[in-house]
Structures are given as structure tokens and as C-alpha cells.
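> In our numbering, the protein residues as written are 691 to 1368. For every residue, glycine included, the Cβ atom is placed at its ideal position computed from N, Cα and C. If you're wondering where the values come from, they're calculated on a predicted model, not measured in any experiment.
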């Protein structure tokens, strides 16, 4: 029998696509975008179009396993679920008794964006046993903190409203690779006369398709924003009425940016002074104008305040007044679900600790596993993440995960590098195989997904696994055994006006429901920011620009003259598709400028060694103008075990944190490159 079932893409992407799954005799045969979804509009990215290959890959983990070799060796034997659960429960209890419950560390991020399987029953379970809390900083925390300091809310221009813009700036946003469903709206705007400008250190596919691409030095985005503000204030291009009504701190900001002349900013950014002057005037005078800001901007020590400064631009110019004007980094806060009721942090009061547990920054996992004391981490449960590949300071992360006294449980779909370090390895369902609720951070549609395909082998959802563990550990709290639907109803019952009229039954019937917000949606046309009196905050504390210490203009590691950036691979999603041999060809390439290549005797196709004081990785050189002099770009993230020397790119990355939000600084890395034998 042939039928079509609805689902939602759970990958970490702002698009959160509505899916249609063609099912024949219980097997998925085709996956396509839902043409009725106003943002998905019937098409999918290259990654998800081929997702059924992942669904039915012979590499899927189907049964629980226990380690049968050395840590990291990846040798396992099959066991029953009862043995797996009994072993985990017994070890977690023993660790808690001997070292205290904070010796247990959960580690997860956005391997699934589903609220129940990534942010629900797991949180309740770990709160109840008193485990250490994980500060989930690895991707968006710095940008979130910076945006909140200016706007006070994580709201932004709806993707559908980009069609009304007449100047679109993609700032650190590779739309065609990481936000492809925004692209048709940009195309429509350009057909109506809009200009499209990209600011990025790398000439990616989006930059190549732009009207203008500005190469910017990594980590200098804040300086450029301050330089643009300098020109806008100097030339009287601000909106004084908007500033007086809806912003605080304009005079202080005006004073700060007075010193950020285009010539001074040019020395930091690598963008010439005339171009900075032109861009500032063009941005301020073209109405409406919109900035699509993405998270690459915040992956350096200045990252949080860079976002803070960029978010000031549409406030100063009053761009928020107009349909198609403003900024989009994230729309996530608009969903206003009752997240505290989902995660139930109050369960910590009923834990053996009787208080809030300590907070461990996931961006410094290597230090946590090798240095943390009182207590040390003695057990780690990993799900929705692959830290052995994606975490900074990879050498130390691997050293910590290789500890024989660290009991590690991994919930996974494939045997990636993290799975190789597991003591117990549990097979997880894909998003096509379980129920979940989905928000978005690039649009305003809430979505529900039911299982579209049967789960293979003995795979179980994260939701089910944590319920089973709670039972095995003798936890009797009723909230640990709620159904998926009960938890969804809890999320929807926040009482916020954005959720008015949105029920489980409506989501069941309609699959995607727009939040109860005005149409069109101009979130800050008349203020309404999250600051005092509903005003945007143009505060200058910490906003002065200093080059990142580990940069060509910084003061560290002068022996390493090149700056490494690791943008997202076009056909992958972090390390999710790292099992595919085809991905190795993309992530195994180092893009060099012709000047840097020539001085090192490197030509396209040569084998090269990238190294610094933290380690070395190997790649094939590509020399074709995709980076400016002094910058090397290597797409992320390749599985380390598929790389020469089993060293992934994050071997080169420090665990230094951002100025706001405690985020990772993946794009602040100095290296040297040399040609090596094939």
C-alpha cells in the first residue's frame, strides 16, 4: 500500500522543514518538502533529500552493545536491552554513591531539534538524580547573549518578508548551505530590484552568487559594525525619532564610535575605507534594508559583542519601522513554550544534592574530563552530539574520553568517534521514527511530527531510554513517566499570547501552525524591545574593539601566520553525515589564497599539513581565490577516525571562550601550512 505521511526535519537548521514521506508497505521510498508549508515550499536541501539513505544505511546501529576492546578502539559485542539498562543504572548509582551525583555528566546538543528527545525527559532524569548540569554553549550562546543585550528578545524578520527588502546583507551567513529556504525569498527580492551583499572571510556559494562579496578578516566583525555606525552618525544618517522613542544609550554609542574611522577599521577588517564608507551609506539610505546575521560571526573571542554591535545597526537607522527591514539571527524566543515545565529544574531539589547542581561548560569538555575535581567526572552520558569530533581542544577531549575510570554511555544512530569510546552503546531512532514537537529559529511555524516509519531492529527514542533508566534506578516521580502527548500539552500551556489557539489537536490536524502573531510581523516597528520601557539597549560597556589574541593582529603565537576558519560543509550538518565517504572529499580540503600557496610551493591537489602548538591535521590544497591572503578555510566536520592520524580539525582549536555567553571560539585559530608527501 502506498501512502504519504507527514514529518519534520530535526536537523540543526533554521529552516525546520515540513516533510512528506512516501511510504510503501512500511518502507520509506521518497522524501520531499511539504509544498503547503509557507517556508519549506515543496523542496529540501541536498542533505535531507538523501536522508532515506541514512535511514536505511547498513551502518545503522540496531542493537545495544558493550565495549569489548580498548576505549576508542570501537570493538563491541551485542547485548540485550535488559543487560544494558541494568549495567547503566548500577554504574550511575555507584558513581553517585562513591563520588556524589555531580560526578555524572550529561553531554548533548542539537543532534535533534525535537523538544521531547533533546530537551525533555533527559533533563528531568538528570535533574532528579542530581547530575552536573551542562552549559550548552558550543554553537549559539555568544550570539544569543549579544542579541539579547541589544534587542532583549530573540525575534527577527520573518523569511517571507525578505521579499520586501531592497538591500539584503548576509553577514557571516552562507544561506545556500545553511539556510537554503531563505534563498527563494532573496531571489524574489532581487528580481524586484534588491541588492544582495555578503560579508564573509570565505567566498562560499552564497558569496559567489551575491552582487558584492566583502572579504573580512576573521574576528573583526565588531570593528566593521562600529565603523559603519561611525559613518552613519557622522553623516547624520541615523533615525533620531526612532532612537529617541525606542532606544537607550544613543549618545554614549555616538561617543564610542567617533574613534572608529573607516581608515582605522580598514586596518582591522581588511576591507578598504572607501568600501566601508559606501556600505554604511548604502545600508542607511536604502529602505527597507535587512541583515541576515548568522552564528559564524560569534565564534571568536569578540563574538558576543560583535552580534551586540551588529544588532544596533537597524536600531540606529530605524530599519525596524518597515516591512522587510531589520535583522534576523533567531526567531526562537517567539515560540514562548513552557520550557521550565518541560525540563523541571525543580527536580534538583528532590535529588540527593537537594540543590542546583554545578554547571559544566560543554565547550571545555577536555578540561572537564581531565582537570575537574570535587568531584571529577566519573560517568558521562552522550546523546544528540558527537563530542569526540565537534568539541574544541580535541586532543584533550580524546584523552579524557579514553580514561578507563570514566564510564561512558552513548545513544547514537551510527558508530562515530564518540561511540568508539563508549562502554555501553545504545541504538537510537531517527526523527522519522518517533513523536516530537518542533520550533524553529528561522521562521514562525510550530510543528508536530508522529512516527512516519517503523523503528528498525531494537532502536529506541531518547525519550523512551531515559524513562526506562528512571524505572531501573527506582525513581518514582510521576513526571518521569508522562506520555509524549502529556509533555506536549505542558509545553503548549504557557499562557503566552503567541500560543493562543494552538493545541495538540490542531497541530495533529494541520501539522504546521503559525504562531499567533500579526501578519505581517514587524516585531520592533514601535519599540517593544526587551529592555526597560520596551527600548533597545545601545550600551557601550565592553563594546570597544580589540583584535582577538589568537589572530594575525593579536599578540599570541606569532610563529603561526595563517588564520584558520572552519565553515559548515555544504552537504553535511556538523558531523551528522560523517559516515559518508563522499563527505571526506569536501571536508578534506584546505582552501588557500594563491599568495599564501605560492610562498609555500603549494598547488591545488597537493597534500598539506596544517599545524600549530596543539596538533596537526592533513588535507588536500585547493587554490582558487576562495579566501583572502592570510586565511585558510577547511569545511567542518570530518570524523577524526576518517582522517589521517585519526586527528580531526578541532585538534587545532583552543578551548578559549567568547566574551559573552561562554561560547566556543572555533574561528580564532592560528596555524602554519606546509606541503607534504602524498
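With three or more C-beta pairs closer than 8 Å as the rule, is the segment 774–782 touching the segment 1156–1169?
They touch, by the three-pair rule.
> Classify residue 719 as helix, strand or coil using the three-state DSSP reduction.
Within the chain shown, the letter at position 29 stands for residue 719. Note: residue 719 maps to strand in three-state DSSP.
> By Cβ distance below 7 Å, which residues in the same chain neighbour residue 995 in space, the five residues on each side in sequence not counted?
Locating residue 995 in the chain shown gives position 305, counting from the first residue. Result list for residue 995: 836, 912, 1232, 1233, 1349, 1350, in chain order.
> Would the beta-carbon of residue 1019 fall within 9 Å of that of residue 983?
Position 329 of the chain shown, counting from 1, holds the residue named residue 1019. Position 293 of the chain shown, counting from 1, holds the residue named residue 983. Yes, the pair counts as a contact, with Cβ atoms nearer than the cut-off.
> Can you give the beta carbon distance from residue 1002 to residue 943, rounded, assuming they're within the 8 Å contact cut?
Locating residue 1002 in the chain shown gives position 312, counting from the first residue. Locating residue 943 in the chain shown gives position 253, counting from the first residue. Contact holds; Cβ gap of about 7 Å.
> State the DSSP-derived secondary structure class of residue 753, mapped to helix, strand or coil.
Residue numbering aside, residue 753 sits at position 63 when the chain shown is read from its first letter. Residue 753 falls in the coil class under three-state DSSP.
> Output the residue ranges of the alpha helix (DSSP H) runs that lie fully inside the segment 842–875 and measure 4 residues or longer, sorted by chain position.
Taking only runs of at least 4 residues, the alpha helix (DSSP H) segments lying wholly in the segment 842–875 are 865–868.
> DSSP beta-bridge partners for residue 1128?
By one-based count along the chain shown, residue 1128 stands at place 438. 1137, per the DSSP bridge assignment.
> Counting along the chain, where does the beta strand (DSSP E) carrying residue 807 start and finish?
For the purposes of this step, residue 807 is taken as the residue at position 117 of the chain shown. Element bounds for residue 807: not the beta strand (DSSP E) but the alpha helix (DSSP H), 805–809.
> Kindly give me the distance between the Cβ atoms of residue 1361 and residue 1254, rounded to whole angstroms, as I take these residues to be in contact under 8 Å.
The residue labelled residue 1361 in the question sits at position 671 within the chain shown. The residue labelled residue 1254 in the question sits at position 564 within the chain shown. The pair is a contact, with the Cβ atoms about 5 Å apart (cut-off 8 Å).
> Thinking C-beta only, is residue 826 closer than 9 Å to residue 1376?
Given a span of 691 to 1368 for the chain in the structure shown, any question on residue 1376 remains unanswerable.
> In angstroms, rounded to a whole number, what distance separates the CA positions of residue 1368 and residue 1296?
The count along the chain shown starts at 1 and reaches residue 1368 at position 678. The count along the chain shown starts at 1 and reaches residue 1296 at position 606. Using only the alpha carbons, I get a separation of about 7 Å.
> Should residue 1366 be labelled buried (16 or more other beta-carbon atoms within 10 Å of its own) or exposed?
For the purposes of this step, residue 1366 is identified with residue 676 of the chain shown, where counting begins at 1. Classification of residue 1366: exposed, given that the 10 Å Cβ count is below 16.
> Quick check on residue 862: buried or exposed, where buried means 16 or more other Cβ atoms within 10 Å of its Cβ?
In the chain shown, the residue the question calls residue 862 occupies position 172. The residue is buried, with at least 16 neighbouring Cβ atoms inside 10 Å.
> Hey, how far is the Cα of residue 1283 from the Cα of residue 892?
Start at 1 with the first residue of the chain shown, and residue 1283 comes out as number 593. Start at 1 with the first residue of the chain shown, and residue 892 comes out as number 202. Their backbone Cα atoms lie some 10 Å apart in a straight line.
> In the structure shown, what three-state DSSP assignment does residue 1235 receive?
Taking the first residue of the chain shown as position 1, residue 1235 is located at position 545. Three-state result, residue 1235: coil.
> Closer than 7 Å by C-beta to residue 1278: which residues in its own chain qualify, once you throw out the five before and the five after it? Chain order, please.
Position 588 of the chain shown, counting from 1, holds the residue named residue 1278. Excluding positions up to five away in sequence, the list reads 1309, 1310, 1328.
> Looking at the structure shown, is residue 1194 part of a helix, part of a strand, or coil, going by DSSP?
Indexing the chain shown from 1 puts residue 1194 at position 504. DSSP places residue 1194 in helix when its eight states are reduced to three.
> May I ask you to verify whether the segment 846–857 touches the segment 1207–1216, counting CB pairs closer than 8 Å and requiring at least 3?
Enough Cβ pairs lie closer than 8 Å, so yes.
> Within 10 angstroms of the Cβ of residue 1115, are there 16 or more other Cβ atoms? Answer buried if so, exposed if not.
Stepping through the chain shown from its first residue, residue 1115 is reached at position 425. Residue 1115 comes out buried.
> Quick check: residue 931 and residue 1016, are their CB atoms within less than 9 Å of each other?
Position 241 of the chain shown, counted from the start, is the residue given in the question as residue 931. Position 326 of the chain shown, counted from the start, is the residue given in the question as residue 1016. Result no, Cβ atoms of residue 931 and residue 1016 do not sit closer than 9 Å.
> Span of the alpha helix (DSSP H) holding residue 1282?
Here residue 1282 is taken as the residue at index 592 of the chain shown, counted from 1. Taken as a continuous stretch (DSSP letters only), residue 1282 belongs to no alpha helix (DSSP H), being part of the beta strand (DSSP E) at 1279–1282.
> Could you name the residues of the same chain whose beta carbon sits closer than 8 Å to that of residue 1334, not counting the 5 residues immediately before and after it, in chain order?
Here residue 1334 refers to the residue found at position 644 of the chain shown. Once the five neighbours on either side are set aside, the close Cβ partners of residue 1334 are 1307, 1308.
> In the DSSP assignment, the alpha helix (DSSP H) including residue 953 goes from what residue to what residue?
Along the chain shown, one-based indexing puts residue 953 at 263. Element bounds for residue 953: 952–959.
> Considering just the uninterrupted stretch of the beta strand (DSSP E) at residue 1097, what are its terminal residues?
What you label residue 1097 is simply residue 407 of the chain shown in a count that begins at 1. Counting along the chain, the beta strand (DSSP E) containing residue 1097 begins and ends at 1097–1102.
> For my contact list, residue 867 and residue 1258 are in at a C-beta cut-off of 8 Å; report their separation, rounded to the angstrom.
Along the chain shown, one-based indexing puts residue 867 at 177. Along the chain shown, one-based indexing puts residue 1258 at 568. That pair is a contact at about 6 Å.
> Can you give the Cα-Cα distance for residue 809 and residue 828, rounded to whole angstroms?
Taking the chain shown and counting its residues from 1, the one referred to as residue 809 is at position 119. Taking the chain shown and counting its residues from 1, the one referred to as residue 828 is at position 138. Taking the straight line joining both Cα atoms gives about 16 Å.
> What are the residues that DSSP puts in a beta bridge with residue 1260?
Looking up residue 1260 in the chain shown gives position 570. The partner list for residue 1260 (beta bridge, DSSP) is empty, contrary to what the question assumes.
> So, for residue 729: in the same chain, excluding its five sequence neighbours on each side, which residues have a beta-carbon less than 6 Å away from its beta-carbon?
What you label residue 729 is simply residue 39 of the chain shown in a count that begins at 1. Cβ within range, chain order: 849, 871, 1133.
> Within 10 angstroms of the Cβ of residue 895, are there 16 or more other Cβ atoms? Answer buried if so, exposed if not.
Residue numbering aside, residue 895 sits at position 205 when the chain shown is read from its first letter. The residue in question, residue 895, is exposed, as its Cβ has fewer than 16 Cβ neighbours within 10 Å.
> Is it the case that the segment 1259–1279 contacts the segment 692–706, given that we only count it when at least three CB pairs across the two stretches are under 8 Å?
The segment 692–706, when compared against the segment 1259–1279, does touch it at the 8 Å Cβ threshold.
> Ordered along the chain, which non-local residues of its own chain (more than five positions away) have a Cβ less than 6 Å from that of residue 696?
Numbered from its first residue, the chain shown carries residue 696 at position 6. Excluding residues within five positions, the ones whose Cβ falls inside 6 Å are 1201.
> Might you give, ordered along the chain, the residues of its own chain that have their beta carbon closer than 6 Å to the beta carbon of residue 1287, omitting 5 neighbours on each side?
Position 597 of the chain shown, counted from the start, is the residue given in the question as residue 1287. These residues qualify, in order along the chain: 1313.
> Using 9 Å as the threshold, is the C-beta distance between residue 1221 and residue 1227 below it?
Within the chain shown, residue 1221 is the residue found at index 531, counting from 1. Within the chain shown, residue 1227 is the residue found at index 537, counting from 1. Cβ distance < 9 Å, so residue 1221 and residue 1227 count as in contact.
> Between residue 694 and residue 710, what straight-line distance do the alpha-carbon atoms span, to the nearest angstrom?
Here residue 694 refers to the residue found at position 4 of the chain shown. Here residue 710 refers to the residue found at position 20 of the chain shown. Near 6 Å, if we compare the C-alpha coordinates of residue 710 and residue 694.
> Suppose contacts are defined by Cβ-Cβ distances below 9 Å. Is residue 1091 in contact with residue 1082 by that definition?
Stepping through the chain shown from its first residue, residue 1091 is reached at position 401. Stepping through the chain shown from its first residue, residue 1082 is reached at position 392. No, the pair does not count as a contact, with Cβ atoms beyond the cut-off.
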